[in-house]
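Protein chains in written order, with this note's numbering: chain U, -18 to 337; chain H, -18 to 337; chain G, -18 to 337.
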Amino acid sequence: MASLHSDFVSNAWYAAASSSEVADRPLPCTLLAQRIVLYRSQSGRLAALRDRCAHRFAPLSMGDIQGETIVCPYHGMAYDGTGRCQRVPGQNGAPAGAVVQSFPVLERFGLVFVWMGKAELADPAALVDIDQYAAVAAGGWGLSRGYSLFKANWLNIADNLVDPAHTSFVHQRTIGNTAAEDVAVSASESQGVVTCGRWIEGAAPVPIVKRFVERFSRPGCLVDRWQFYHLKAPATSWVDFGAMDAGLAHTPQEQAAAPYRVLSYAFLTPRDASSTHYFSFQLRNFATRDAAVTAEFEQLYKATFDEDRVLLEAIQREEDRHPGLRPVRIASDAGVARLRRLIGTLQQKESEAAEK
Amino acid sequence: MASLHSDFVSNAWYAAASSSEVADRPLPCTLLAQRIVLYRSQSGRLAALRDRCAHRFAPLSMGDIQGETIVCPYHGMAYDGTGRCQRVPGQNGAPAGAVVQSFPVLERFGLVFVWMGKAELADPAALVDIDQYAAVAAGGWGLSRGYSLFKANWLNIADNLVDPAHTSFVHQRTIGNTAAEDVAVSASESQGVVTCGRWIEGAAPVPIVKRFVERFSRPGCLVDRWQFYHLKAPATSWVDFGAMDAGLAHTPQEQAAAPYRVLSYAFLTPRDASSTHYFSFQLRNFATRDAAVTAEFEQLYKATFDEDRVLLEAIQREEDRHPGLRPVRIASDAGVARLRRLIGTLQQKESEAAEK
Amino acid sequence: MASLHSDFVSNAWYAAASSSEVADRPLPCTLLAQRIVLYRSQSGRLAALRDRCAHRFAPLSMGDIQGETIVCPYHGMAYDGTGRCQRVPGQNGAPAGAVVQSFPVLERFGLVFVWMGKAELADPAALVDIDQYAAVAAGGWGLSRGYSLFKANWLNIADNLVDPAHTSFVHQRTIGNTAAEDVAVSASESQGVVTCGRWIEGAAPVPIVKRFVERFSRPGCLVDRWQFYHLKAPATSWVDFGAMDAGLAHTPQEQAAAPYRVLSYAFLTPRDASSTHYFSFQLRNFATRDAAVTAEFEQLYKATFDEDRVLLEAIQREEDRHPGLRPVRIASDAGVARLRRLIGTLQQKESEAAEK
């Protein structure tokens, strides 16, 4: 499996934890096969260090936060947020090598992001913009959240997120139905974002739409619905999904006025070559302040992602058993092909930079 | 462990499931280190396919049966019983490579058998004949069944099934006792079947005989009992075991008239190099329609096979730790030596055919 | 990991079990990556054999003791305490190769020790002497016992046992406190024993001392306490730990008269490269016949060793993930450096002897 590690794209912001998880105790996490400790110092400063004391390799995450430092549980060596050792009990000063690696951190959307590549390239502008997120506080959009660990390589999950076609088969209990089985998908790419989508016209609404829009749940009701899957390479996904009365014009104005619209964000963070953190939130345009709807949304999206997870984990096990397998391509793979090319370019750029 | 895989004999019928397990849902199973899906189409046709969609490697066993096809759970590709793809949703026709391997299947003795070698060599006549099985329906013989997974290489289990001597030590609570410890075993071979057996004369009956024959359970009662272990290479075993009053002639006629006789069949199917499916049934000549006896027989034979299993699994772990171990041979290994030679010949024939 | 196995020092007595565990059933154990069976024959003779029948590799520990022999559970072959086969059922005599390796054994301090190196070098005098152990029966010292399995390489545990400094951080709930954080440790070596220690003067007593000495538990009470950590290479440790009123002379006489003194012995036995048996007992100079104190001591020392164990197991996992890691050394590592040199010399002597 070792060779797959070179598949990671390092120069990117990766979601590592929710903001609320990084409180008064150090938090260990594994990102891109590296063990990291996140902590907030007493002054509130967020830091990400390699989770290994330089002395005898004890996990710093098993230690304590003291002032601005994190203190090793074994012999009390204290490191600041830049990874420099500020104290070695029993002696004056610290030996030259008493340093642990630190990583740039960024907090946004209620998540903590870590930059796993070259620190000098870390740019907050590289993170996706989400205008609607700012409108949550004022009730403009409703917010629900989720987290899952997928025991699957991140690339297979990214494939899934530029692949609206699979919803007709995998998600018949939630966000898909058989009406769309044969509706073709368009794929395009612009500025590092792959977009795949389709309109399904004059079709029965899918279960989740029926559940939340009363008039769409009536027998015989038909809607026009859209699915647009965006993936900003390497691993930030958002799905624009909605339903309107059948026959209306397919314009941004009508989409903005639709009774059901959800923007579903997913931040994939490779844990290692065969498992992936899946941080997600959904912004909905209805019942925006209704806590019961939020709770039900979180449960329904968890169920939906589990439908993907079970399948992607089975595929991962098969790929692990047979490393050389080559897929047969079908028409709905157009987005996947674009995405893999795009990521391949990023990977190559990084491996060329590493060789210099 | 990889090299041990070449030890499988492929050109044989291997029990894969009981008939009743292959109903309205696809059934995954692993045979000879290959993952297979068994299914019955709506018309009742039995099929065995490689359990992996050609597109993105999803397990077909997680999909549905539709008409004569099995449908992939990920994107709805439908394969018929020959493994050809009959439908790709969202496009016309199927790409050239959209094929999965199919395997010959055969249903007999309430079991589903799969031929894992060259399809053109699959011959129903290669399966063992069991005249007594046909007599079960009319009450001529009583039938009990069992299944165990042994975490042991199939060859070590096959050894055990041409080795009546071990019963005196391993099975003292069920089918053996100390009376036979020093009774020698004869070994012979004919037409691909190794036979090892012995008569134990004028000895106390073993526990299972005492349990079911009232007069043999009386204090001081002595019997003549026989154990004949047959193994048709590579992996079909039957044991002819019975007890009669001490001193009677050891003739087929007296054996047929004995108050206790059991033909115990075992179909070994390598799951992989270090685990083996053990499908079994027993035919008994007494209480043939008594469901309570059947239930107790199933429990007793499960206990007996567990005595073997615990030991064979410990041996397997030791062989895994020390791959180069060479056994010291003793007198009772005569049948094992014949069996290993016979299987070696089959393996060599297959590897020579593979090289051509 | 295989290369680490050569790190074992074979020519030493290793604790394998407590005396009471080796009773009327054979006892399997793994020492230095080798599987051994311990048994007491009917005449009471203790034996240690390789736990593998020469015939078909069944574990002898799954068999029975009969007279002076241990009997294989598979075919009844019986081995005596020297490892020679005395019986093969079904034949006269035993084949030439029917021998299993035997190991020298020694019973002392309520423990069974096995010599894993060359039998001709096994010398009872190589085991540590403990005068105080003999005084337990007469109530001169109180005795408590413990056992833990550490999933860590034995060398990292040995390091821990010549490292009094870690107690200030790891054991603040039991045998350490922050008063000693900056008190330097001296290290010396004599006749194969590394000794590291310090006096902590005029400091608050540590929790375990407060618990058992009433006057040391009073608010504001200060004591002088000592910690002397001895390790006889390769893997026998004893810690001399006590507390007296602050200001008394630091002489053997005052130490002998101190209200709290504990000699804590640990016998480390590598199970394999990444796990270690940790047999221990403590001799205390107070409440020597009080069973409740013994029970509480066993619980408190278990808790103390668990504090080490959790940390050492985390370090082991990190070393397994990154085999090439090199520690940064700090002042308190002086004893560790001496110990590693000493053990390195023993290892080299053994590997040179093996090459001859």
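Glycine included, C-beta positions come from ideal geometry on N, C-alpha and C.
Please list, in chain order, all residues of the same chain as residue i whose beta carbon is under 6 Å from its beta carbon, the five residues on each side excluded.
{"i": "D61 of chain U", "result": "E49, T50, Q67"}
{"i": "V166 of chain G", "result": "P145, A146, C177, R179, S313"}
{"i": "S22 of chain H", "result": "E49"}
{"i": "M(-18) of chain H", "result": "In this prediction, M(-18) of chain H has a pLDDT of 30, which is less than 50 and means its spatial position is unreliable; what the coordinates show is noted afterwards. So the qualifying residues of the chain are A254."}
{"i": "E288 of chain H", "result": "V151, H152"}
{"i": "R31 of chain G", "result": "V81, Q82"}
Can you list, in chain order, the residues of its chain whose CB lies under 7 Å from that of residue i, leaving out five sequence neighbours each side?
{"i": "N266 of chain U", "result": "W122, R242"}
{"i": "Q328 of chain G", "result": "D(-12), V(-10)"}
{"i": "H(-14) of chain U", "result": "Note that H(-14) of chain U scores 37 on pLDDT, short of 50, meaning its location in the model is unreliable and no value can be drawn from it."}
{"i": "M39 of chain H", "result": "This sequence places Ala at residue 39 of chain H; Met is not what is there. For A39 of chain H, where only same-chain residues beyond five positions count, the Cβ hits under 7 Å are C53, P54, Y55."}
{"i": "V317 of chain U", "result": "D140, V143, D144"}
{"i": "L293 of chain G", "result": "F131, A133, N137, I138, N141"}
{"i": "S(-16) of chain U", "result": "Because the pLDDT of S(-16) of chain U is 35, which lies under 50, any placement of that residue in the model is unreliable, and the question is left without a value."}
{"i": "P105 of chain G", "result": "L87"}
For a contact defined as C-beta to C-beta under 7 Å, what are the partners of residue i on chain U?
{"i": "Q72 of chain H", "result": "I311, A312"}
{"i": "H36 of chain H", "result": "P308, V309, I311"}
Going along chain G, which residues have a C-beta under 8 Å from residue i?
{"i": "P54 of chain U", "result": "F150, V151, L292"}
{"i": "V81 of chain U", "result": "By Cβ distance, chain G contributes nothing, its closest Cβ being about 10 Å from V81 of chain U, past 8 Å."}
If the cut is a Cβ gap below 8 Å, which residues of chain U does residue i touch?
{"i": "G78 of chain H", "result": "V309"}
Which residues in the same chain as residue i place their Cβ atom closer than 8 Å to its Cβ, once the five residues preceding and following it in sequence are excluded?
{"i": "K330 of chain U", "result": "none"}
{"i": "I181 of chain G", "result": "A160, A161, V164, D205, R206, W207, Q208"}
{"i": "G228 of chain U", "result": "G183, D205"}
{"i": "G120 of chain G", "result": "T269, R270"}
{"i": "E279 of chain H", "result": "S125, R126, G127"}
{"i": "S0 of chain U", "result": "E88, G91, L92, V93"}
{"i": "K191 of chain G", "result": "F197, S198"}
{"i": "E333 of chain G", "result": "none"}
Is residue i near the ligand HEM - that is, is its Cβ less than 7 Å away from at least one heavy atom of it?
{"i": "S125 of chain U", "result": "This structure does not include the ligand HEM; it has no bound ligands of any sort."}
Below 8 Å on C-beta distance, what does residue i contact in chain H?
{"i": "A146 of chain U", "result": "H56, P70, G71"}
Q: May I ask you to list, following chain order, the residues of the stretch 149 to 164 of chain H that have a beta carbon less than 8 Å from some beta carbon of chain G?
A: The stretch 149 to 164 of chain H vs chain G, Cβ under 8 Å: S149, F150, V151, E162, D163, V164.
Q) Considering only residues of the stretch 11 to 70 of chain G, which uninterrupted beta strand (DSSP E) runs meet the minimum length of 3 residues and lie entirely inside it, listed in chain order? A) 15 to 21, 27 to 31, 45 to 47, 50 to 52, 66 to 68, all fully within the stretch 11 to 70 of chain G.
Q. Would you call the stretch 215 to 223 of chain G and the stretch 304 to 313 of chain H in contact, with 3 or more CB pairs under 8 Å?
A. In this structure the stretch 215 to 223 of chain G does not touch the stretch 304 to 313 of chain H; the number of beta carbon pairs closer than 8 Å is below three.
Q.
Ignoring anything shorter than 3 residues, give me the beta strand (DSSP E) runs that lie fully in the stretch 81 to 112 of chain G, in order along the chain.
A. Counting whole runs of 3 or more residues, the stretch 81 to 112 of chain G contains the beta strand (DSSP E) stretches 86 to 89, 92 to 96.
Q: Compile a chain-ordered list of the residues in the stretch 268 to 301 of chain H whose CB is closer than 7 Å to at least one CB of chain G.
A: Residues passing the 7 Å Cβ filter: L292, A295, I296, E299, E300.
Q: Mind checking the stretch 222 to 233 of chain G against chain H and listing, in chain order, the residues whose C-beta falls within less than 8 Å of any C-beta there?
A: Cβ contacts with chain H come from no residue of the stretch 222 to 233 of chain G.
(Q) Suppose only complete runs of 4+ residues qualify. What are the alpha helix (DSSP H) ranges in the stretch 126 to 188 of chain U, listed by chain order? (A) Residue ranges of uninterrupted alpha helix (DSSP H) with 4 or more members, entirely inside the stretch 126 to 188 of chain U and ordered along the chain, are 135 to 141, 148 to 151.
Q. Contact between the stretch 26 to 35 of chain H and the stretch 73 to 86 of chain H: three or more CB pairs below 8 Å?
A. Yes: at least three Cβ pairs fall under 8 Å.
Q. Given a limit of 7 Å on CB to CB distance, which residues of the stretch 38 to 70 of chain G reach chain H?
A. Cβ proximity to chain H below 7 Å picks out F38, A39, P40, M43, P54, Y55, H56, G57, V69, P70 from the stretch 38 to 70 of chain G.
Q. For the stretch 176 to 251 of chain U, which segments carrying the alpha helix (DSSP H) assignment without a break, of at least 4 residues, lie completely within its bounds, in sequence order?
A. Every unbroken stretch of the alpha helix (DSSP H) spanning 4 or more residues and falling wholly within the stretch 176 to 251 of chain U is given here in chain order: 188 to 193, 233 to 238.
Q: Give a yes or no on contact between the stretch -11 to 4 of chain U and the stretch 85 to 103 of chain U, applying the rule of three or more CB pairs nearer than 8 Å.
A: Short answer: they touch.
Q) Of all the residues that make up the stretch 4 to 33 of chain U, which are near chain G by a beta-carbon distance shorter than 7 Å? A) Residues of the stretch 4 to 33 of chain U that bring their beta carbon within less than 7 Å of a beta carbon in chain G comprise R33, in sequence order.
Q. Could you give the uninterrupted runs of the alpha helix (DSSP H) lying entirely in the stretch 240 to 311 of chain H, keeping only those of 4 residues or more?
A. Considered as a whole, the stretch 240 to 311 of chain H harbours 272 to 302 as its complete alpha helix (DSSP H) runs of no fewer than 4 residues, in chain order.
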